[in-house]
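Just below is one structure, and these are the notes that go with it.
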Amino acid sequence: MDTMTPEQRSNCMRRIRSKNTRPEMLVRRFLFSHGFRYRIHAKTLPGTPDITIVGLRTCIFINGCFWHGHESCSIYKLPQTHVEFWTHKIQRNKQRDQENRLALKRQGWHTIEIWECQLKPKERERTLQGLLRTLNFIALQNCGAKISYHYDEEETLSLAAEDE
Ligand SMILES: [Zn+2]
């Protein structure tokens, strides 16, 4: 990566927004097979979350370890040249991630982050089971909230329509 031409680098930069990556597909297939239905790359939400489970008001981000600066991770290792450039670039990505998370939280969304390295074959099963537990927990919480805030079926339905 240290020997990249400007052109290669700009190709590389574009890939930060890349969609439908292998780690992302893994998570999507897993969720689908467990009965979750979701939207992908919802542009109307801060940060265009990779996966949005509207019913659970939950956004899932699947982060590449390098681009999103996963701390103390072997995949996130800065190139030896243009150190300043890369440090700045990745810090900015991290800051943007944090701003998006906050914005989502303010709008009442749960956010879940999954790192690329957590989906490597050795870690995958544990990560996905953890995700399942978290989603079940959120479902229980939301269920409690629904009982206290919504009075009838109709109101719940119109709220759901608004989310669409
Ligand atoms: Zn990582």
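Here this note's numbering is used: the first residue of the sequence shown is 32, the next is one more, and so on.
All residues carry an ideal CB built from backbone N, CA and C; glycine is no exception.
All values reported here derive from a predicted model rather than from experimental measurement.
Check, Outcome
"Residue from Pro80, Pro54, Cys148 and Val85 with nearest C-alpha to Glu130", "Pro80"
"Sequence-distant residues of the same chain with beta carbon closer than 6 Å to Lys125, five excluded per side", "Gly100"
"Trp146 beta carbon near ligand 1 (any heavy atom closer than 6 Å)", "yes"
"Nearest neighbour of Ile82, chosen from Cys148, Leu109, Phe63 and Phe168 [CA to CA]", "Phe63"
"Beta-bridge partners of Ile143, as assigned by DSSP", "Ile91"
"Endpoints, beta strand (DSSP E) assigned at Thr83", "Ile82 to Ile84"
"For Thr75, the nearest candidate out of Gln138, Gln111 and Trp146 (CA to CA)", "Gln138"
"Opposing strand residues paired with Ile23 [DSSP bridges]", "The structure shown does not extend to residue 23, since the chain spans only 32 to 195, so no value can be given for it."
"Cα-Cα separation, Ile121 to Trp98", "6 Å"
"Cβ-heavy atom distance, Ile106 to ligand 2, below 6 Å", "As far as ligands go, the structure on display features ligand 1 and does not contain ligand 2."
"Range covered by the alpha helix (DSSP H) that runs through Asn124", "Val114 to Arg137"
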